[in-house]
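Line by line, the protein sequences are chains A and B.
Here the first sequence stands for residues 115 to 521, numbered as in the numbering used here.
Here the second sequence stands for residues 115 to 521, numbered as in the numbering used here.
Contents: one structure, followed by commentary.
There are 2 protein chains.
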Amino acid sequence: MSVPAWLEEELAEATGAGRRLDAVDPRLLAMGVFSTDGRGKRIGVALGTKVLDLAAALEDGRFAEASLNPLLAEGPAFWESLRQRISERLGAKGAARRIRPLLLDVDAVQLHLPIDVADYVDFYCSLEHATNLGRIFRPDGEPLQPNWRFMPVGYHGRAGTVVVSGTPVKRPWGQLRGPDGRVEFGPSARLDLEAEVGFVVGVGSELGSRVSGQAFADHVFGLVVLNDWSARDIQSFEYVPLGPFLGKSFATSISPWVVPLASLEHARIPGPPQAPPPLSHLERSEDWGLAVTLEVRLNGDVVSHPPLGALYWTPDQMLAHMTSNGAALRCGDLFATGTLSGARDGELGSLIELTWNGERPLALSDGSRRAFLEDGDEVTISATTVAPDGSPMAMGAVTGRVVASPP
Amino acid sequence: MSVPAWLEEELAEATGAGRRLDAVDPRLLAMGVFSTDGRGKRIGVALGTKVLDLAAALEDGRFAEASLNPLLAEGPAFWESLRQRISERLGAKGAARRIRPLLLDVDAVQLHLPIDVADYVDFYCSLEHATNLGRIFRPDGEPLQPNWRFMPVGYHGRAGTVVVSGTPVKRPWGQLRGPDGRVEFGPSARLDLEAEVGFVVGVGSELGSRVSGQAFADHVFGLVVLNDWSARDIQSFEYVPLGPFLGKSFATSISPWVVPLASLEHARIPGPPQAPPPLSHLERSEDWGLAVTLEVRLNGDVVSHPPLGALYWTPDQMLAHMTSNGAALRCGDLFATGTLSGARDGELGSLIELTWNGERPLALSDGSRRAFLEDGDEVTISATTVAPDGSPMAMGAVTGRVVASPP
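Pasting the structure below:
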């Protein structure tokens with residue numbers, strides 16, 4: 115949508131050069147769930163650093179919901195008409211007078227998990243990330259596993275521990291190999307971040323049917339920024355042969371605002387070439403790469419700019435793969451890219467890559483160094499895309515602080 | 115509970131020697147969800163092969179729910195008082211006259227998934243099963259992975275494809291290695307069953323806190339019989355390094371009746387000895403082994419009797435491990451044992467073990483042979499425990515038929 119003059123003026127401070135990381139470009143009409151003192155959860159639209167109560171703005175009680183799920187289940191035609199209605203309401207004559215009093219400062223509200231997460235799947239779709247981890251863990255072997263170039267490899271994570279940005283992350287305890295090789299139960303000493311993007315499913319599918327990549331926009335409503343916190347030491351002892359479990363399931367943080375796919379039409383780009391060519395059920399028929407760049411900050415220092423657009427397996431291929439065995443989709447399903455790492459310096463999406471397994475600690479501006487995360491560290495991952503006019507569009511952020519966990 | 119005479123008479127046929135596999139001993143007061151033509155889902159109690167409408171029997175509309183979750187969330191004191199109320203109602207003066215008309219034949223109702231599944235975790239807790247698979251896949255190596263004796267190894271499965279007994283199971287397609295070694299997309303040729311027991315969580319826990327094994331009965335309401343259908347060929351290509359995904363996520367079937375833990379107090383037994391002794395957070399403080407035996411039928415032929423009581427890691431240890439990193443529990447969480455295999459002949463819980471990776475096909479009574487499941491095959495897994503008086507107590511069954519999946 116185009117931003118009416120009154121709103122542009124209202125938001126000038128929030129979207130200008132010194133913008134806050136949690137600001138969301140009003141042209142995206144990103145949606146989430148908020149509450150204020152004394153009133154229940156309801157759906158909001160992010161406009162810069164303001165929150166617009168959707169039900170109040172549209173004078174339609176149907177939007178006084180505690181999660182986006184009922185709205186997401188309605189499907190793409192509804193999503194589009196809703197965006198139209200909001201856009202018209204903001205641009206209508208007298209909107210400045212009518213809508214301005216309904217805008218709440220984001221600091222004055224509480225933001226909640228925007229969706230009831232059904233199943234959570236995490237993929238492993240960055241060629242650079244998979245290659246880096248292969249080099250770190252199997253320095254003498256082939257970095258990629260034999261299946262990697264045939265399918266977007268993924269696994270199910272814990273839906274019940276997906277949390278909204280701002281939720282403190284308690285350092286997990288788990289079974290680790292001590293210095294003498296003995297197995298002990300203790301706090302993870304190798305806590306990491308993973309910079310990712312998550313896709314939110316609105317429209318489900320029938321058990322036993324496949325969803326093709328072409329149907330991506332019929333099912334997927336939008337995207338969130340996601341930090342898949344990882345305890346590398348817990349993970350490395352537990353993961354053979356059934357994959358990551360407790361090394362991941364303590365917390366997965368997502369941004370509070372879901373950016374509709376429909377607002378990113380202009381940001382679609384082809385995915386990188388794939389060799390061997392994917393099997394026919396995974397063929398790309400449209401460009402579902404997205405020109406989105408993340409920015410990872412550790413205690414305020416920018417440490418990386420992982421690119422979503424460099425992803426080897428595009429999200430339409432993830433969707434096709436995930437349902438290729440007939441698995442049903444449900445409203446609220448969340449699937450994430452896996453750590454986004456680019457090929458260039460400064461594009462790595464995890465500390466294990468940035469510090470090469472802790473061997474080359476990062477130097478922070480406060481003079482300290484980090485191999486992995488310490489108690490009190492704050493990680494903020496924000497995302498930006500480019501508007502049709504070339505200007506940057508902020509897509510919001512996910513943040514979390516590591517807190518100590520007592521025995 | 116003790117069964118009143120009128121009910122015993124009513125159920126004589128169903129619970130006698132020629133009992134149906136789906137009968138459930140009335141002493142267990144197992145609960146599920148059913149519907150009849152023209153009326154919505156509601157909670158039922160399984161009495162032999164009869165279903166009692168709980169809300170009608172107790173004349174209490176609070177039980178007219180479409181899933182057990184609201185009832186499960188209430189916690190153990192409520193569960194116990196509910197069992198008392200049902201028991202009193204069945205044994206009260208005039209009960210025969212009042213309750214008999216409320217009993218529906220199980221064939222006259224439709225049974226539904228008893229719970230809204232929150233997260234689904236599948237463990238790998240049978241020493242014999244893990245050892246057998248290690249021998250099959252790594253004949254020259256150590257059968258058990260280094261972590262196996264330190265923790266109940268597990269992973270998250272797909273909650274959205276947990277289905278109720280009777281749901282047809284479409285043969286999944288997936289990426290397989292063809293005879294020439296090339297990767298192709300086709301129907302699984304190595305479809306297997308896995309005989310398991312699943313535990314249903316009623317009371318959740320806070321993110322960041324651990325749930326000890328001692329608190330097992332404070333959180334877990336009851337158990338179901340579970341078939342974790344597995345496509346061995348899809349699984350074997352996909353599972354490194356992130357674990358099973360599409361080889362499992364096409365369907366997981368559970369029995370329609372949840373047997374309350376409280377009805378199995380007398381069936382509790384110690385788990386087998388553990389060496390090395392488990393780390394302190396996984397220590398057993400009570401006997402949470404359960405004297406339950408499964409029976410696996412393939413097209414009517416009994417092919418195995420896997421024992422729950424032989425499980426190396428007991429369910430209290432699974433719960434303690436699953437939350438040892440601070441992961442929250444939610445009402446509706448389901449966690450399963452993994453394939454139950456015993457040490458003796460006739461106790462193996464999967465075809466891959468029963469046929470030793472297909473090398474020794476099973477001979478069925480119709481003259482056919484099976485390495486893995488064929489289209490049209492029906493698998494029924496039933497469970498039985500022993501009553502305090504030594505008589506068998508049927509715990510219900512999970513059944514499913516394999517149907518072909520077109521291209």
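Built from N, CA and C at the ideal position, the CB exists for glycine as well.
query, result
"Quick one: using the 10 Å Cβ neighbour count with 16 as the cut-off for buried, is V517 (chain B) buried or exposed?", "exposed"
"For F486 (chain A), which of helix, strand or coil comes out of DSSP?", "coil"
"Would you be able to state if there are at least three C-beta pairs under 8 Å between the region 428-441 of chain A and the region 491-511 of chain A?", "no"
"Taking the alpha helix (DSSP H) that I348 (chain A) belongs to, which residues open and close that run?", "346-352"
"Can you name the residues of chain A whose CB is closer than 9 Å to the CB of N261 (chain B)?", "Q289, V297, F351, E352, Y353, V354"
"Please check if any C-beta of chain B sits within less than 7 Å of the C-beta of Y269 (chain A).", "yes"
"When you check each C-beta in the region 224-236 of chain A against every C-beta of chain B, which residues fall closer than 7 Å?", "A232, D233"
"Less than 7 Å between CB atoms is the rule here; does L360 (chain A) satisfy it with respect to chain C?", "The chain labelled as chain C is not found among the protein chains of the depicted structure, namely A and B."
"Which stretch, first to last residue, makes up the beta strand (DSSP E) that contains I368 (chain A)?", "366-368"
"Identify each residue in the region 429-450 of chain A for which the Cβ-Cβ distance to at least one residue of chain B is less than 8 Å, and report them in chain order.", "H435, M436, S438, N439, G440, A441, A442, L443, R444, D447"
"Starting from I200 (chain B), trace the alpha helix (DSSP H) in both directions and tell me its first and last residue.", "190-205"
"By the 9 Å beta-carbon criterion, what residues does the region 302-321 of chain A contribute toward chain B?", "S302, G318, L321"
"From the beta carbon of M509 (chain B), is the nearest beta carbon of chain A less than 7 Å away?", "no"
"Could you give the distance in angstroms between the alpha-carbon of D174 (chain A) and the alpha-carbon of Q224 (chain A)?", "22 Å"
"With 16 other CB atoms within 10 Å as the buried threshold, where does E352 (chain B) fall?", "buried"
"Drop a sphere of 10 angstroms on the beta-carbon of H243 (chain A), count the other beta-carbons inside from all chains shown, and report buried for 16 or more, exposed for fewer.", "buried"
"Counting only Cβ pairs nearer than 8 Å, list the residues of chain A close to Y238 (chain B).", "L356"
"To the nearest angstrom, how far is it from the Cα of R197 (chain A) to the Cα of S519 (chain B)?", "39 Å"
"Indicate the three-state DSSP secondary structure (helix, strand or coil) for W120 (chain B) in the structure shown.", "helix"
"Starting from the N-terminal side, write out each stretch of the alpha helix (DSSP H) that is 4 residues or longer and does not extend beyond the region 416-461 of chain A.", "429-436"
"What did DSSP end up calling R211 (chain B) once you bin it into helix, strand or coil?", "helix"
"So, is G504 (chain A) buried or exposed, given that buried needs 16 or more other C-beta atoms within 10 angstroms?", "exposed"
"Identify the continuous beta strand (DSSP E) that holds N341 (chain A) and give its terminal residues.", "334-341"
"Helix, strand or coil: which one does DSSP assign to R291 (chain B)?", "strand"
"Does the Cβ of S116 (chain B) have 16 or more other Cβ atoms within 10 Å, making it buried, or fewer, making it exposed?", "exposed"
"At which residues does the alpha helix (DSSP H) containing R249 (chain B) begin and terminate?", "241-251"
"Please compile the residues from chain B whose C-beta is within a distance smaller than 7 Å of the C-beta of K284 (chain A).", "G322, G440"
"Do you know offhand how far Y234 (chain B)'s Cα is from R141 (chain B)'s?", "28 Å"
"Looking at the unbroken alpha helix (DSSP H) that takes in L168 (chain B), where does it start and where does it end?", "168-172"
"Hey, is the region 307-319 of chain A in contact with the region 177-191 of chain A, meaning 3+ C-beta pairs nearer than 8 Å?", "yes"
"For R272 (chain A), would you say it is in contact with chain B, using Cβ-to-Cβ distances shorter than 7 Å as the test?", "yes"
"Determine whether the Cβ of T453 (chain B) lies closer than 7 Å to any Cβ atom of chain A.", "no"
"Take Y238 (chain A) and list the residues in its own chain whose beta-carbon comes closer than 7 Å to its own, dropping the five residues that flank it on each side.", "A244, V267, G268, G452"
"Helix, strand or coil for I229 (chain B) per DSSP?", "coil"
"Would V334 (chain B) and P228 (chain B) be called neighbours here (beta carbons separated by less than 7 Å)?", "no"
"Would H419 (chain A) be called buried (16 or more neighbouring beta carbons within 10 Å of its own) or exposed?", "buried"
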